[in-house]
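J.: Questions regarding the structure given below will be posed in turn.
Shown next as structure tokens:
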């Protein structure tokens with residue numbers, strides 16, 4: 059192999075630098091993600107009806123279906139997730155900053171579609187980079203770095219809370235866009251070399267590191283029975299969760315006192331509750347394995363949907379939001395680690411990206427459209443009742459699925 063591969067840099071130096079870089083990129087990227095709290099509210103302020111808001115959300119989040127497919131091709135051509143991440147961060151920053159300044163339904167819809175296309179690709183690409191960097195450092199390290207993302211999202215929500223008036227919306231979106239561009243700068247500095255070797259261990263794994271698998275191969279791997287059942291369970295639950303999240307700002311402003319400030323306060327509560335849950339999951343995966351972590355994520359998310367669906371006061375609603383992080387720290391992060399420990403190293407970045415199509419892209423697009431239709435025909439409250447009902451059904455199925463998942467670290471994907 060020495061005749062094929064060029065010499066590698068010092069593993070200790072490279073891993074240390076990449077660990078810092080990917081932690082900062084995680085923090086800044088999730089700060090930009092906090093723009094999600096305002097999308098439906100922004101459209102309402104622009105004068106769109108509930109039905110048109112639903113259509114906009116559905117069409118916009120359709121981009122999250124297209125994005126993973128193109129990202130698989132991009133990683134194949136760009137030899138790994140890092141350069142694809144840099145392009146995605148640049149696109150997200152530029153398009154998000156101009157969204158509030160668009161006029162006319164067509165321009166707004168196209169710009170929002172482009173925003174979601176880029177933004178939806180950031181999380182799986184950052185995840186792929188983190189798992190490469192932490193490959194030899196234990197599964198709990200990933201949860202610790204992922205908690206930087208939660209802190210970044212919390213910071214974005216806190217800043218938004220202190221800018222509570224509608225006239226500040228355009229400035230907030232400009233700030234979210236600038237944060238993505240700052241993450242790009244940090245990534246260019248901290249995530250090197252960009253290719254062909256994403257981590258020092260790659261030189262000892264394959265003579266052709268980053269010979270990324272094709273879309274067809276990735277789809278075949280994810281079609282294994284156990285992986286397929288887990289993905290669809292996550293997707294259906296995220297459909298219910300997305301319905302509640304995407305119109306949360308409109309629901310809070312119309313149902314409870316507090317105005318626009320209550321939108322950011324709700325996300326502060328959600329994100330603040332996610333941090334201890336992320337640390338709890340790091341402890342659980344180390345002592346009890348992924349089955350317990352994913353189970354906590356699925357059942358905890360159902361509890362959240364039931365509580366906010368039943369809430370008659372803002373305090374009860376916020377109590378439900380304390381369990382918001384269960385889905386992201388338990389279910390989704392658990393799936394990321396499931397891929398990382400059950401599939402070959404060369405396949406993992408592509409599988410992380412393609413998995414987002416099924417647990418994020420399709421469910422969010424359908425959830426946005428369904429929320430708008432339910433809001434238009436039955437009222438906003440019906441969105442939350444429907445979400446809770448779906449969550450309960452998923453919880454029942456999860457009790458049957460969980461025993462099929464691996465309790466220990468290494469097992470076959472089927």
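Numbering (this note's numbering), first residue to last: 59 to 472.
Positions of the beta carbon are idealized from the N, C-alpha and C atoms, including for glycine.
Keep in mind the model is a prediction, meaning the values are calculated, not measured.
Tell me which same chain residues have a C-beta within less than 6 Å of the C-beta of residue 422, skipping the five on either side of it?
T.: Counted from its first residue, the chain shown places residue 422 at position 364. Closer than 6 Å at the Cβ level, and outside the excluded window around residue 422, lie 119, 122, 300.
J.: Please go through the same chain and pick out, in chain order, the residues whose beta-carbon is closer than 7 Å to the beta-carbon of residue 245, but skip the five residues on each side of it.
T.: As a first step, residue 245 must be located in the chain shown, where it is residue number 187. Same-chain partners within the cutoff: 79, 83, 143, 144, 147.
J.: Decide if the stretch 308–321 is in contact with the stretch 450–462; the criterion is three or more beta carbon pairs, one per stretch, under 8 Å apart.
T.: No, they do not touch.
J.: Whose C-beta lies closer than 7 Å to the C-beta of residue 428 among residues of the same chain, with five residues either side of it excluded?
T.: Residue 428 sits at position 370 when you count from the first residue of the chain shown. Excluding sequence neighbours, residue 428 sits near 301.
J.: How far does the alpha helix (DSSP H) with residue 374 in it extend, from its first residue to its last?
T.: Here the question's residue 374 lines up with position 316 in the chain shown. From DSSP, the alpha helix (DSSP H) with residue 374 extends over 372–379.
J.: With the cut-off set at 7 Å, would you say residue 526 and residue 391 are in Cβ contact?
T.: Residue numbering for the chain in the displayed model covers 59 to 472; residue 526 lies beyond these limits and cannot be assessed.
J.: Using a 10 Å radius around the Cβ and a threshold of 16 neighbouring Cβ atoms, would you call residue 432 buried or exposed?
T.: Position 374 of the chain shown, counted from the first residue, corresponds to residue 432. Residue 432 comes out buried.
J.: Let me check you understand the geometry: is the CB of residue 179 closer than 6 Å to at least one non-hydrogen atom of the ligand MN?
T.: Ligands displayed in this structure: none; no statement on the ligand MN is therefore possible.
J.: For residue 325, does the count of other Cβ atoms within 10 angstroms reach 16, so buried, or fall short, so exposed?
T.: Here residue 325 refers to the residue found at position 267 when the chain shown is read from its first residue. It is buried - the Cβ of residue 325 has at least 16 other Cβ atoms within 10 Å.
J.: Just curious, the alpha helix (DSSP H) that residue 332 is in, first and last residue?
T.: In the chain shown, residue 332 corresponds to position 274, counting from 1. Segment 319–345, the alpha helix (DSSP H) holding residue 332.
J.: Which term fits residue 371, buried or exposed, when burial requires 16 or more other beta carbons within 10 angstroms of its beta carbon?
T.: Taking the chain shown and counting its residues from 1, one reaches residue 371 at position 313. It counts as exposed.
J.: When you compare the stretch 126–136 with the stretch 353–364, are there three or more beta-carbon pairs, one atom per stretch, that lie closer than 8 Å?
T.: Taking 8 Å as the limit for Cβ pairs, the verdict is that the stretch 353–364 does not touch the stretch 126–136.
J.: Less than 7 Å between the C-beta atoms of residue 186 and residue 410, yes or no?
T.: Indexing the chain shown from 1 puts residue 186 at position 128. Indexing the chain shown from 1 puts residue 410 at position 352. Yes, these two residues count as a Cβ contact at 7 Å.
J.: If residue 206 and residue 85 are in contact, beta carbons under 8 Å, what's the gap, nearest whole angstrom?
T.: Along the chain shown, read from residue 1 onward, the residue named residue 206 stands at position 148. Along the chain shown, read from residue 1 onward, the residue named residue 85 stands at position 27. Going by Cβ atoms, the distance from residue 206 to residue 85 rounds to 4 Å, so yes, they are a contact pair.
J.: Can you tell me where the alpha helix (DSSP H) with residue 181 in it begins and where it stops?
T.: The residue you call residue 181 lines up with position 123 of the chain shown. Looking at the DSSP string, the run of the alpha helix (DSSP H) that includes residue 181 is 163–191.
J.: Among 436, 330, 338, whose alpha-carbon lies nearest the alpha-carbon of residue 473?
T.: Not covered by the structure: residue 473. The range shown for the chain is 59 to 472.
J.: Looking only at its chain, what residues have a beta carbon closer than 8 Å to the beta carbon of residue 319, apart from the 5 residues adjacent to it on each side?
T.: Residue mapping note: residue 319 aligns to position 261 of the chain shown, counting from 1. Correct list, in chain order: 219, 222.
J.: Residue 230 and residue 96 look like a contact to me (Cβ under 8 Å); what is the Cβ gap, rounded to whole Å?
T.: For this step, residue 230 is matched to residue 172 along the chain shown. For this step, residue 96 is matched to residue 38 along the chain shown. That pair is a contact at about 7 Å.
J.: Straight-line CA distance for residue 276 to residue 405?
T.: Indexing the chain shown from 1 puts residue 276 at position 218. Indexing the chain shown from 1 puts residue 405 at position 347. Residue 276 and residue 405: Cα-Cα distance of roughly 7 Å.
J.: By Cβ distance, which residues of its chain are closer than 7 Å to residue 378, with the 5 residues on each side in sequence left out?
T.: Here residue 378 is taken as the residue at index 320 of the chain shown, counted from 1. Correct list, in chain order: 362, 365, 366, 369.
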